[in-house]
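Worksheet: one structure, shown below.
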Amino acid sequence: DWVMRDHIAEAVQAIREQVGDEEVILGLSGGVDSSVAAALIHRAIGDQLTCVFVDHGLLRLHEGDAVMEMFEGKLHAKVVRADASERFLGELAGVTDPEAKRKIIGREFVEVFKAEAAKIKHTHSRHVAWLAQGTIYPDVIESGGAKSKKAVTIKSHHNVGGLPEQLGLKLLEPLRDLFKDEVRELGVALGLPPEMVYRHPFPGPGLGVRILGEVKKEYADLLRAADDIFIQELRNHVDAVTGKTWYELTSQAFTVFLPVRSVGVMGDGRTYDYVVALRAVQTSDFMTADWAELPYALLKKVSGRIINEVRGINRVTYDVSSKPPATIEWE
Ligand code: XMP
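Every number in full-length UniProt numbering is 206 more than the matching position in the sequence shown, counting from 1.
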């Protein structure tokens, strides 16, 4: 529409004026905000933008490839993919405490990003002067109101504060004035696929907090396979009343890996395999949330498929806990 086109033209002009002929680095996560920021900045300055995509190995199935396909393949943006899965798994070995895992993932993320940014700074002929971030208006409010927050951190979120200073870069935040809905509309107008722009939020530590206790590659692979089936079926199942898919009818849905084994039967044999829990919630602000009343037919399909298709998982449970007192994530 016209309003959106004017909006884009204005934003593009503003970015060009701000950046001039300098270079910009952006941390691309595959999430909505960094994706839209990348698409917008790329529209404005093309190859003056280099995206750094830190792949911690705790993403969902094929997610890393999808990010590359979209930004490098379709938009022809410059993207450096730092495959750091070995490094993250190494650092996480033996660590079971949720907050300790978050701290390690956050710390390593910053280290890998800094190392990549430093390489880019040294190889570019033009002056790398900007760090772009997909900060949106609610993030600005949240950090401004930090003083009034409870002293107790229930879960420490990814904190990349201080990064621009450490890298000696200026901040470029073209989405600072926008609410989430506006960011999504902008993303669609910039040509990003709706599935990407309207996806459920995904935590920075990724599957690292969806594998209970110690993170292992074997667990991450099983979880990815199971979770992919759950998400596929949520997208496939349309609610007759609203005409919407169950993916659209839930605010966040995912699978959790429980590192315990239970007994089952398969053919003539006995199995002794892992358990997963399905989690789906409806919420407007993620501060409180109700567990979603998914149709039994959907749950049945998902559990049947996971148990039949994912060797190593023989039991699927559904989480019927609301927030509070449970949190949305299990860690
Ligand atoms: P909880 O589990 O606290 O989750 O009810 C509320 C929302 O926050 C997300 N979440 C995180 N996001 N880093 C993130 O970027 C984190 O460490 C983290 N922990 C929880 C969660 O996915 C939900 O949307």
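Where is the CB? At the ideal position from N, CA and C, for every residue including glycine. Since we're looking at a predicted model, the values are computed, not measured.
Per DSSP, cross-strand counterpart(s) of residue i
i: E454; result: Beta-bridge pairing links E454 to no other residue.
i: A324; result: Per DSSP, none; premise fails for A324.
i: W497; result: V487
i: F463; result: I417, V482
i: G233; result: V258
i: M472; result: G475
i: K529; result: A495
i: L377; result: L337
i: V444; result: T451
Helix, strand or coil at residue i [DSSP, three-state]
i: R521; result: strand
i: Y478; result: strand
i: I435; result: helix
i: A335; result: strand
i: K506; result: helix
i: K422; result: coil
i: V516; result: coil
i: Y343; result: helix
i: R390; result: helix
i: E537; result: coil
i: E317; result: helix
i: R405; result: coil
i: E228; result: coil
i: P400; result: helix
i: H330; result: coil
i: R382; result: coil
Residue i, buried or exposed, once every other Cβ within 10 Å from all chains shown has been counted against 16
i: P409; result: buried
i: G279; result: exposed
i: I342; result: buried
i: A244; result: buried
i: W208; result: exposed
i: V225; result: buried
i: I347; result: exposed
i: D491; result: exposed
i: Q254; result: buried
i: R313; result: exposed
i: K307; result: buried
i: E229; result: buried
i: I499; result: It should be noted that the sequence gives Glu, not Ile, for residue 499. With fewer than 16 other Cβ atoms within 10 Å, it is exposed.
i: S331; result: exposed
i: D496; result: exposed
Whole-number beta carbon distance between residue j and residue i, since they are thought to touch under 8 Å
i: V487; j: S457; result: 6 Å
i: V316; j: L377; result: The pair is not a contact, with the Cβ atoms about 15 Å apart (cut-off 8 Å).
i: I247; j: I231; result: Incorrect: roughly 10 Å between the Cβ atoms, too far for contact.
i: Y480; j: I534; result: Not quite, the Cβ-Cβ distance comes to about 22 Å (not below 8 Å), so this is no contact.
i: R430; j: L267; result: 4 Å
i: S240; j: G340; result: 4 Å
Beta carbon proximity, residue i to chain B, threshold 8 Å
i: L264; result: Here there is only one protein chain, and chain B is not present.
- Query: Going along the chain, which unbroken runs of the alpha helix (DSSP H) with 4 or more residues stay wholly within the segment 245-308?
  - Reply: Runs of the alpha helix (DSSP H) lying entirely within the segment 245-308, each at least 4 residues long, are 269-274, 291-298 in chain order.
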